[in-house]
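Engineer: Chains A and B are the protein sequences, given in the same order. Convert by adding 55 to the 1-based position in the first sequence; the result is the number in my numbering. Convert by adding 55 to the 1-based position in the second sequence; the result is the number in my numbering. Please find one structure pasted underneath; my questions will follow.
Protein chains: 2
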Amino acid sequence: MTASPSSRVTIKDVAARAGVSKGAVSLAFNRKPGLSEATRDRIFAAARELGWEPNLTARSLSSSRVDVVGLAICRPARMLGLEPFYMEFVSGVESVLTEHSCSLLLRLVRTVEEEAGLLESWWRGRQIGGSILVDFRADDPRVAAAERLGMPVVAVGHPTLTGSLTSVWTDDATAVTEAVRYLAALGHRRIARVGGAAALGHTVMRTAAFDAAARTLGLAGAWQVATDYSGEAGARATRSMLTAAPADRPTAIVYDNDIMAVAGLAVAAEMGLGVPGDVSLLAWDDSQLCRLTHPTLSAMSHDVHGFGAEAARTLFGVITGSGPGSHPVPTPVLTPRGSTAPPRG
Amino acid sequence: MTASPSSRVTIKDVAARAGVSKGAVSLAFNRKPGLSEATRDRIFAAARELGWEPNLTARSLSSSRVDVVGLAICRPARMLGLEPFYMEFVSGVESVLTEHSCSLLLRLVRTVEEEAGLLESWWRGRQIGGSILVDFRADDPRVAAAERLGMPVVAVGHPTLTGSLTSVWTDDATAVTEAVRYLAALGHRRIARVGGAAALGHTVMRTAAFDAAARTLGLAGAWQVATDYSGEAGARATRSMLTAAPADRPTAIVYDNDIMAVAGLAVAAEMGLGVPGDVSLLAWDDSQLCRLTHPTLSAMSHDVHGFGAEAARTLFGVITGSGPGSHPVPTPVLTPRGSTAPPRG
DNA sequence: GCGCTTTCCTCAACCGGTAAAGTCCGATTC
DNA sequence: GAATCGGACTTTACCGGTTGAGGAAAGCGC
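In structure tokens form, the structure reads like this:
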């Protein structure tokens, strides 16, 4: 990688053209005081004429600030592509980064350990000024790594999972409870849940909340399984639930993402079961996908774009030295559509 | 952004600890000849003990090589999240970048002009060593920009769209022709197509190929519309096609992506039309989504991950100075599933 | 007219690496 | 025994900015 821009214009050329020193150009471009209006204008004019922009590499070397934040995502590529969550989250992150002329360094990794290593490498190599961490699991190695390195990070996950790191999170337990209460209020007694990856902290929390809610409401057949979030796993789980003996068969199923709910809908159709007549389905995240099916999918809905934006804002806070904190974003709310109704009979 | 790693270990510290000069450490870490085995080992040991990794910022400043490639994607955030194509493409790109210890700088932009400006800024600011350009349109400003800047880029798009830039592309015209011929062979005479964004070059090419194929096969009612790729637009287009007078109503519809095909499936269901009995649907790209519906969606299928990987490989070729070239990747092939069948009657 | 600020700008030392030229030294050659 | 050579490092000059310590000129009070 040694290709170089055709125009090797540097601050020196600009300085020469404007008839000032390098220092003056630097002052002008960093909007610092100590230059007359006239000189400043001359400098900008010279820069414009030469098509010069400060070399960010050199800048971050001398000022030791890096206008790049890292994001490593650890899920199989196959699942990532389908998960609308991430792209929306990333776009929210971007929207805030852009305001700060900051860029996003993205990497897809296979394991948390690999991710922890990557973060360390990025940080040690001064490639990033901070990082957003997602998909926390119990005893996540990244907590210790970030603390040890003193790297500014924002952890997207419940405070109980993210140790002393500043966190941004949704109250999934409350949302799960609301989902279950809603279905129970419709009259469902056998409610099942197709959860996400068991290793992920928020899956554990949702699972516990689901159990608790079912107990509270006196629902006997609260049946949950963990999956890998893929549509295929969602279909498989749904199939095994809907082929259970009639007395055990759930009349409502809650999914941990949209994809699995879509897959569940297909399974119901394939088995000749009506939705919501024979079984109600409730999705999670509520991407547009939920409005593209027939029937449309009821979902626990939240603003994923805003979630990403808040994570980025919080990261800037951490970088500029605000103390650790916990930043809840709005709890997902139930958005009823065509896939939920009282159980038949 | 002035936070700094707790450990301000530099090459100097490592050199001191190993009892050598900075230069020696540099030689060791760049695997260059001129050091004895013993010294090299001592240097690596010292680096390991101090937890040092070379500061990539400093390295790229002095060596003027940048191990980062840029990717700007220009589509509304809302659509991006749903489009499995991009994440899969990115994951393919990543898989190759990782082998070269190279990172991906990602940005979502709103317009091509904004993108062209961003690329220039990235390049001028030495943030990237090259870039992958996607979603070409006619007279795309990025072609001129890349040439003017002398920036290594690989253009993902048909050579007719990408000027003198090295390109990586799929033969969409042939794929469209295959799709139409397949549907015609099943007996369909009224075939429609729900296309992507009209501004995009490959939409134009697919549209032309569709027209040509229909003419060749003597199909009267070849009906096409352009959309913005969103599921909603796909649903709207499908609805208007399926509500046409019986004599005009298409018996088969080809979509330009998966999402719109899923939406089309829902529209058919909502209208009480059977798929594939009353209308056949054919998706494009063939993400896993196509296997999660009922019926499953027949699709023009290609290896998007491999497409991304090839783009990245080609970019490395450009960066290391290989001449311009044109790199076709395999043409999408028809993968029949449950959503296509001969027309009723 | 003299000292004292202020304002505006220059100078030179970094930041942490790379790379080309230079040094040292034991082995080989004639 | 002097000249040559190559291996193993070291030295030093950058890369392109930032930054803090000056310094010259203008303005001001007395």
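Positions of the beta carbon are idealized from the N, C-alpha and C atoms, including for glycine.
#1: Answer yes or no: do Leu-159(A) and Arg-162(B) have a C-beta to C-beta separation smaller than 8 angstroms?
#2: Is the beta carbon of Met-206(B) sitting closer than 8 angstroms to the one on Trp-178(B)?
#3: Report the neighbours of Ile-98(A) on chain B: residues whose CB is nearer than 7 angstroms to its CB, in chain order.
#4: Nearest CA to the CA of Gln-343(B): which residue from Met-326(A), Thr-217(A), Val-317(A)?
#5: Taking just the CA atoms, how far does Cys-345(A) sit from Pro-139(A)?
#6: Determine, using beta carbons only, whether Gln-343(B) comes closer than 8 angstroms to chain A.
#7: Span of the beta strand (DSSP E) holding Gly-250(A)?
#8: Going by DSSP in three states, Gly-185(B) sits in which element: helix, strand or coil?
#9: Can you tell me which residues form a DSSP beta bridge with Ser-222(A)?
#10: Should Leu-152(B) and Val-124(B) be called a contact, given that it needs their Cβ atoms to be closer than 8 angstroms?
#11: Please list the residues of the region 184-218 of chain B that have a C-beta atom closer than 9 angstroms to any C-beta atom in chain A, keeping them in chain order.
#12: Drop a sphere of 10 angstroms on the beta-carbon of Ser-115(A), count the other beta-carbons inside from all chains shown, and report buried for 16 or more, exposed for fewer.
#13: Using a Cβ-Cβ distance cut-off of 8 angstroms, determine whether Leu-116(A) contacts chain B.
#14: Measuring straight from C-alpha to C-alpha, what distance separates Thr-348(B) and Val-208(B)?
#15: Would DSSP call Ser-61(A) helix, strand or coil?
#16: I'd like to know whether the C-beta of Tyr-141(B) is nearer than 8 angstroms to at least one C-beta of chain A.
#17: Can you give me the Cβ contacts of Arg-399(B) inside the same chain, cut-off strictly under 6 angstroms, excluding the 5 residues immediately before and after it?
#18: For Asp-195(A), tell me which candidate among Pro-214(A), Ile-183(A), Ala-354(A), Gly-286(A) has the shortest Cα-Cα distance.
#19: Excluding the 5 residues flanking Gly-380(B) on each side, which residues of the same chain have their C-beta closer than 7 angstroms to its C-beta?
#20: For the beta strand (DSSP E) holding Val-123(B), just list the boundary residues, first then last.
#21: If contact means a Cβ-Cβ distance below 9 angstroms, which residues of the region 284-312 of chain A contact chain B?
#22: Can you tell me where the beta strand (DSSP E) with Ala-354(B) in it begins and where it stops?
#23: Is there contact here, the region 72-79 of chain B with the region 358-372 of chain A, by at least three beta-carbon pairs under 8 angstroms?
#24: With DSSP run on the structure shown, which of helix, strand or coil describes Met-56(B)?
#25: Near Ala-113(B), which residues of its chain fall below 6 angstroms by C-beta distance, leaving aside the five closest residues on each side in sequence?
#26: Does Arg-192(A) come out as helix, strand or coil in the three-state DSSP assignment?
#27: Rounded to the nearest angstrom, what separates Leu-274(B) and Arg-244(B) at their Cα positions?
#28: Quick check on Gly-180(A) - is its C-beta less than 8 angstroms from some C-beta in chain B?
#29: Closer than 7 angstroms by beta-carbon distance: list the chain A residues that pair up with Val-349(B), in chain order.
#30: Taking Cβ positions only, does Ala-12(B) come closer than 8 angstroms to chain A?
Structural biologist: So, from the listed chains and residues:
#1: Here residue 159(A) corresponds to residue number 104 of the first sequence, with the count starting at 1. Here residue 162(B) corresponds to residue number 107 of the second sequence, with the count starting at 1. A contact, by the Cβ cut-off of 8 angstroms.
#2: Taking the second sequence and counting its residues from 1, the one referred to as residue 206(B) is at position 151. Taking the second sequence and counting its residues from 1, the one referred to as residue 178(B) is at position 123. Yes, the pair counts as a contact, with Cβ atoms nearer than the cut-off.
#3: Position 43 of the first sequence, counting from 1, holds the residue named residue 98(A). By Cβ distance, chain B contributes nothing, its closest Cβ being about 17 angstroms from Ile-98(A), past 7 angstroms.
#4: As a working mapping, residue 343(B) is identified with position 288 in the second sequence. Of Met-326(A), Thr-217(A), Val-317(A), the residue nearest in Cα terms is Val-317(A).
#5: Position 84 of the first sequence, counted from the first residue, corresponds to residue 139(A). Position 290 of the first sequence, counted from the first residue, corresponds to residue 345(A). Cys-345(A) has its alpha-carbon roughly 11 angstroms from the corresponding atom of Pro-139(A).
#6: Counted from its first residue, the second sequence places residue 343(B) at position 288. So, interface residue.
#7: One-based indexing of the first sequence puts residue 250(A) at position 195. Residues 246-250.
#8: Residue mapping note: residue 185(B) aligns to position 130 of the second sequence, counting from 1. Under the three-state reduction of DSSP output, Gly-185(B) falls in the strand class.
#9: Residue numbering aside, residue 222(A) sits at position 167 when the first sequence is read from its first letter. When beta bridges are read from the DSSP output, Ser-222(A) appears opposite Ala-210(A), Ser-381(A).
#10: Indexing the second sequence from 1 puts residue 152(B) at position 97. Indexing the second sequence from 1 puts residue 124(B) at position 69. Yes.
#11: Going along the region 184-218 of chain B in chain order, one finds Gly-184, Gly-185, Arg-203, Leu-204, Gly-205, Met-206, Pro-207 with a Cβ nearer than 9 angstroms to chain A.
#12: The sequence position of residue 115(A) within the first sequence is 60, counting from 1. Counting Cβ neighbours within 10 Å, Ser-115(A) comes out buried, since at least 16 surround it.
#13: Sequence index remark: in the first sequence, residue 116(A) carries index 61 (1-based). Yes - at least one Cβ of chain B is within 8 angstroms of the one on Leu-116(A).
#14: Numbered from 1 along the second sequence, position 293 holds the residue referred to as residue 348(B). Numbered from 1 along the second sequence, position 153 holds the residue referred to as residue 208(B). Distance between the alpha carbons of Thr-348(B) and Val-208(B): 38 angstroms.
#15: One-based indexing of the first sequence puts residue 61(A) at position 6. Note that Ser-61(A) scores a pLDDT of 45, beneath 50, so its modelled location is shaky; the value from the coordinates is reported in the next line. Correct three-state label for Ser-61(A): coil.
#16: Within the second sequence, residue 141(B) is the residue found at index 86, counting from 1. Chain A contact via Cβ: present.
#17: What you label residue 399(B) is simply residue 344 of the second sequence in a count that begins at 1. Taken in chain order, the residues that qualify are Gly-332.
#18: As a first step, residue 195(A) must be located in the first sequence, where it is residue number 140. Residue nearest to Asp-195(A) within the set Pro-214(A), Ile-183(A), Ala-354(A), Gly-286(A) is Pro-214(A) (criterion: CA-CA distance).
#19: Position 325 of the second sequence, counting from 1, holds the residue named residue 380(B). Apart from sequence neighbours up to five positions away, the residues of its chain that approach Gly-380(B) with a beta-carbon distance below 7 angstroms are Thr-221, ordered along the chain.
#20: Here residue 123(B) is taken as the residue at index 68 of the second sequence, counted from 1. Where Val-123(B) is concerned, the enclosing beta strand (DSSP E) stretches over 123-129.
#21: Result list: Ser-285, Gly-286, Glu-287, Gly-289, Ala-290.
#22: As a working note, residue 354(B) is residue 299 in the second sequence. For Ala-354(B), the uninterrupted beta strand (DSSP E) segment begins and ends at 353-356.
#23: Contact between the region 72-79 of chain B and the region 358-372 of chain A is absent, because fewer than three Cβ pairs lie under 8 angstroms.
#24: Against the second sequence, residue 56(B) aligns to sequence position 1. For Met-56(B), the predicted structure reports a pLDDT of 41, less than 50, and the residue's modelled location is therefore unreliable. A value from the coordinates is still provided. If DSSP states are grouped into helix, strand and coil, Met-56(B) belongs with coil.
#25: Numbered from its first residue, the second sequence carries residue 113(B) at position 58. Result list for Ala-113(B): empty, nothing under 6 angstroms.
#26: Residue 192(A) sits at position 137 when you count from the first residue of the first sequence. Arg-192(A) falls in the strand class under three-state DSSP.
#27: Counting from 1 along the second sequence, the entry for residue 274(B) is found at position 219. Counting from 1 along the second sequence, the entry for residue 244(B) is found at position 189. Those two C-alpha atoms are separated by around 6 angstroms.
#28: As a working mapping, residue 180(A) is identified with position 125 in the first sequence. By the rule that beta-carbons nearer than 8 angstroms mark a contact, Gly-180(A) touches chain B.
#29: Within the second sequence, numbered from 1, the residue matching residue 349(B) stands at position 294. Here the sequence assigns His to residue 349(B), which means Val is not the residue at that position. Ordered by position in chain A, the residues that pass the 7 angstroms Cβ test against His-349(B) are Ala-321, Ala-324, Glu-325.
#30: Any property of residue 12(B) remains undetermined from this structure, which presents chain B solely from 56 to 400.
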